Each structure stands twice: as structure tokens, then as C-alpha cells.
Amino acid sequence: MNKPKNFVDMIHNEAYLEPFRENLITSESLINDFGRTIELLNGQWSFTIDPYDTCLRGKWWQEENRDKQGAFVPVDYNFKDWELTTVPSCINLQKPEYFWYEGPAVYTREFPYYEEEGNERVYLKVGAVNYEALIFINRQFVGRHLGGSTPMFVDVTDFLNKDIGNETNRILLVTNNDRKPTQVPMQNTDWFNYGGLYRDIGLIRLPKTFIADTFVGLKKGSGFKKIDVKVSVEGPEQSGTASFEIEELGIFQSLEITEGEGSMVLDAEPELWDVDSPKLYDVVIRYATDTLTEKIGFREIATRGTEILLNGKSIKLKGISAHEESVIGGKTMTEAEIRENFALAKEMNANYMRLAHYPHTEKAARIADEIGMLLWEEIPVYWSIAFTNPDTYSDAENQLCEMIKRDINRASVIMWSVGNENADSDERLSFMSKLAIKAKDMDSSRLISAACLWNKSELKIEDRLTEYLDVMGINEYFGWYDPHFEKLIKLFENSKSDKPVVITECGADAPYGEHGTKDELWTEEYQENVYIQQVETVRKIDYMAGFSPWILYDFRCPRRTNRYQQSFYNRKGLLNPEKTEKKLAFRILQDFYAEWK
Ligand code: GCU
């Protein structure tokens, strides 16, 4: 198409995003970085919100401030004059005027790079950006990542200025948390849409040939007597001999790598990892000049009929759901806040948490491995999704692969969930069954699940997706959205299941300190009574394998506008948003979990 003679690219080119549809950063380049040194680029970055996407329209990342004749021209940015923001953090909590911000924003900083080992490779790791990230280094477009809760890894070696006389490097990210109908999730969610560069960012130095990915775990069905080892390498040395070492088990084994891959099954009888004794072993894998260390808990998760088996023993998943949410940091949670959540779950006699509705920070599973907590991890295929859109499917599948590749060595993670509360349709079934098959194909060592709805007209647990799941999660709000509590036991009496069922959500709203009778909505007494009735029913259903009520603590939610009871918070928490006060219902769950077998 010929451009009009008065065409001005910056104001007339609505195809300005086209050049950035290339270089999609996906799970393909995600590497196992457990134990690797990451040179963090966290700290003070120059920042601006950019609601009209002017950075991309005006190509600020090229830092061109002269015309073709070399004369200086005015530009609409000056990185050095911008405000400073702390990375990692959520834009919305940086200052009051940004609270409701949704849209593009620009982060940039300079950093030095000194080549340490000749021929080293340098990967950039970004823990997560919500939702879309475009990465530029030294005026060049590096790549684009989609997905608000999974990491991106990209080889930036060729983009870096090696230190030649203090020349630094400039990195610039354009983030965008706009909610869109083709994204995963789409526009309508029951949580706050925090935006920005909200998890750690840094550089990882690697040798030319390095260990890119590993799986180390008990071989399922081996009677806890065999260890499965898989290693893949990147780089020119695609064939050679790796070494695999678990000193505490007296394992010093070589492993042949051919065409970049190597695998083996070893005889071993490790002390098994479980919630009360979360034993972790130091694993060292060496190949070429690279060394990767891991901390591995050996455990087996399986099902037998309607039971869930941990290391061959039938267990109940005594759980609670939680968002990745902090009053102070939004989705940017500190390690202390993560540990506090697990401590509260332990205090509740829980052994399990449902990390809803998207992959939480990798720190969560690493800490859960250490302190002993079972985890359900989930991708945000939430409520309505563009189930017929192939790009939407690719986005969902990539988030699933990134979640699995990132946490595949975490003993605490026992379930991968492919979604939450999606209305049954042929398109949805095709989309989600494909995800479930993909998850099982990537990781046969864990259980595949989803939080489903049930047949309301026949008051029956049935969902065509169940055929593709190992465990069926169901969300039910009897006592709250449906006040006719007597239906809950009927739902279970009308249903039968040949596989484990977990109640993945139930509950009621009550702002902390709101008191009245058990029949008054929004009171702690009402919420407590819902829990009393819920646990009484759960106790009676022998095929109930787990329970993770909604939710550990209140969380920000723009859909909840009751001025006194909600004020933009979902109040179904068993604690207030600051987690300083427990509501009456906390004890009901705590007592139930103390004796539920
Ligand atoms: C749904 C949904 C949650 C939501 C909850 C509620 O089940 O899965 O994300 O917050 O109900 O209505 O409180």
C-alpha cells in the first residue's frame, strides 16, 4: 500500500506493533536456573506510564534525537529526567495516581557488562511481567513475552557492549497490563490487575555449552526404589559424558549425552520427602565446563480409585486457597510474606495450598519444598476464554509449559491445573483437554486437574473435561451464592466418582470485625456457620480427597463495590488483608484438619 504523501509514521502508522510480533520468547528458551548465580538488575529504574504507546510509536528505544541531516530535534522523552521506580514492583502501588492504571509503561536503566570467561553466554531472566513485555537492549529489539505470571529467559549475548572504556548497556522494557479478549485470562477476573515488572530481573552467565534443563525425581511405580534422571544441554557440545552426583546417597554416575539429551534410571532408596519431613538432597550435575546444582525431594504422588496417595499412603489434602497478593506489594510478594502464608497454613493444620489462579513466584514452590507443603499450581484459563482462537491457545499452552518447566523439580508441586470455572462447551472441551494432555505428556509424575463447575440443573457433579483429569476440582458456594445449603450433600449423593474429587473452593464473605447472628449475611458468624456446615458435609463424603476453601486472606478485587462490606476487596479470607487478624471461621477449619482422616 503506498503511503500518502503527507504520511507521518509516528502519528499515522497504526501497524506500529507489527515489527514486535517476531522474536516471541517462549518456554523453549526457559532454562533451569536453580542454584545458578543471577546478577540482579533490580533497584531504581527510570520509568514512565505511556498510555498512548508513544514509546513504540515514536521508537524511543532507538534514542534517535537527530534528523537525517544530523540536526538535533525535540523528542518526547528523556530517560534521565524520568521518575525512578523500584524494580521489582507493581505500577499500581507505586503512587496513588497510578492505582487503577492499566496500559503500556516504560522501564529503562543502564548497566555495565564485563566479560568474565571468554566465549561466555549471557541470558536475561525476567521473573514475570504482567501481561506483555517487549525487551530492548542497546537500541535493538530482543523479544516479546506474553503471560502475566511466568518467567522469560532470552540469550542476550550478542546484544551486549563488552566493557570497552566504561561503555555501558541500556535495557528498556515496555510492559502492558491491558486486559484483552484474546489473552489468558481475558478481561473479566475476580482479582486486581496489577501491572509492571513485578518480579526479579537479572543476568545469568553460562558457558558456551551448558545444562539447560533437567528432571530428577522418583520413578513412578518403582516402589520408591528408582530415580529418574533427564538432562538436556544447549551449545556446540551436543554429545559427551555428564556426571550425576548425590553424595548423600553414594551416587556418582556418568550419563551419556547424545544429540543434546541424556537420561537414565538409577537404583536408589532415598529418604522420602513429605510434609512432615521435607527431606531434600543436594544433586550436582556436571557437563563440559558447566555445573548445575539442585535440591531435590524424592516423593511419589498418585491416585488409587478416589484416593490420593503420597508415597503410597492415602492422604487427605487439607488445604486452603491463596492469591499471590500483598497489601503493600500487590503481586510482588516478599519471601517473608510467602513464608507467613505457609506458616498460617501450618497453624491451620493444613498440608496443602491451592496457589490460585496463575503460577505464583518460583520462590513459593522452593520454600514449600523446604518447609513441607503440597501445592496445586494453575494457569489462568479462567472463566471465559477465546477458546476458538489459535493464538489464545498458544498463549495458554506456553504459560502451561513455562509453569511446568520452571517447577518440574519441586517436590511440593503435586498438581498442575489447566483452569478454573470454565463453562462447558465443545470449544472449551477441545481447548482444555488439549492442555491436560500436553501437561501429562510433559510431566507424567504429577496429577492433572482443573477447578470445574457442576451440572446445576441436575445438581450433579459432571464435566466432560473430567475424562482428561486425574483429580476433579469443584468450586461450590452453598451457603453463600446459593444459600440453600441442603443441596450440597444432595450434589454429592447424586454423583459418583471413579477418581479423587477435591472441593477447590467454597466460602463466604465477612469483613473482619463485622459481628451479628449466624443468619446475617456479611458477619463473621455467618461465615463461621458456612464453614461449620461445609466441614460437616465434607466429613460425610468418603470420595472427597481434598478441600481448599476460598481463601486464606482477603484480597483486592475491583468487582466488589459494597462500600461497608467490601470496598474493592473480596472478603472471603479467613484473615483480614494484612493477615493480622483471624476471623472466627479460621478455627473451624483448624479443628477440622486436626482430625480429618
Ligand atoms: C470463584 C472464583 C474465584 C472468586 C470466587 C468468589 O469461584 O474461582 O476467583 O474469587 O469465586 O466469588 O469469591
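First residue of the sequence shown? That's 1 in the working numbering, and the numbers climb one at a time after it.
Heads up, the beta-carbon is just placed ideally off N, CA and C, and yes, glycines get one too.
Note that the structure is predicted; figures quoted are calculated from it, not measured.
Of the listed residues the options, nearest to residue i (C-alpha basis)
i: V87; options: K295, A128, V283; result: A128
i: L84; options: Q44, W100, E63; result: Q44
i: L292; options: A585, M10, L30, F34; result: F34
i: L134; options: E117, N169, N176; result: N176
i: T289; options: W550, R299, V381, T209; result: T209
i: M415; options: D463, Y593, V471; result: V471
i: K490; options: K499, V501, F478, D498; result: F478
i: N455; options: A423, T108, E307, I296; result: A423
i: W100; options: P558, K583, E595; result: P558
i: H360; options: A343, Y287, P380; result: P380
i: Q238; options: E64, S384, I227, E256; result: E256
i: F492; options: K460, W550, D267; result: K460
i: Y194; options: E325, G221, G312, F111; result: E325
i: R21; options: N130, Y107, C55, F141; result: F141
i: M403; options: T26, S321, H12; result: T26
i: K499; options: Q253, R406, Y543; result: Y543
i: Q533; options: C506, Y553, G516, H515; result: C506
i: H323; options: A345, L344, R304, Y358; result: Y358
i: S548; options: N32, E362, L374, E427; result: L374
i: E458; options: S433, N494, L465; result: N494
Residue i Cβ short of 7 Å to the ligand GCU heavy atom set
i: D424; result: no
i: W376; result: no
i: H360; result: no
i: D554; result: no
i: D463; result: no
i: D190; result: yes
i: W100; result: no
i: K572; result: yes
i: N475; result: yes
i: E505; result: yes
i: H357; result: yes
i: W550; result: yes
i: E421; result: yes
Rounded Cβ spacing between residue i and residue j (contact assumed at less than 8 Å)
i: N475; j: E421; result: 6 Å
i: Y352; j: G573; result: Going by Cβ atoms, the distance from Y352 to G573 rounds to 18 Å, so no, they are not a contact pair.
i: K579; j: E340; result: 6 Å
i: Q187; j: R199; result: About 23 Å separates the two Cβ atoms, so there is no contact after all.
i: D463; j: L453; result: 7 Å
i: N570; j: F555; result: 5 Å
i: V216; j: I296; result: 5 Å
i: K518; j: Y512; result: K518 to Y512, Cβ: 17 Å. No contact.
i: R109; j: S46; result: 6 Å
i: R299; j: L309; result: About 10 Å separates the two Cβ atoms, so there is no contact after all.
i: E370; j: A356; result: Not really, about 22 Å apart at Cβ, beyond 8 Å.
i: L249; j: Y281; result: 7 Å
i: S417; j: S449; result: 5 Å
i: P112; j: T168; result: 5 Å
> Within the chosen definition, does the stretch 114-134 reach the stretch 204-211 through at least 3 CB pairs nearer than 8 Å?
Replying inline: yes
> How about the stretch 155-163 and the stretch 59-73: do they share at least three Cβ pairs that are nearer than 8 Å?
Replying inline: no
> Do the stretch 143-152 and the stretch 388-400 make contact, defined as three or more Cβ pairs closer than 8 Å?
Replying inline: Touching, per the Cβ criterion.
> Is the number of C-beta pairs between the stretch 226-234 and the stretch 249-263 that are closer than 8 Å three or more?
Replying inline: yes
> At a cut of 8 Å, does the stretch 324-331 reach the stretch 88-106 through at least three beta carbon pairs?
Replying inline: Enough Cβ pairs lie closer than 8 Å, so yes.
> Does the stretch 17-31 come close enough to the stretch 263-278 to have 3 or more Cβ pairs within less than 8 Å?
Replying inline: no
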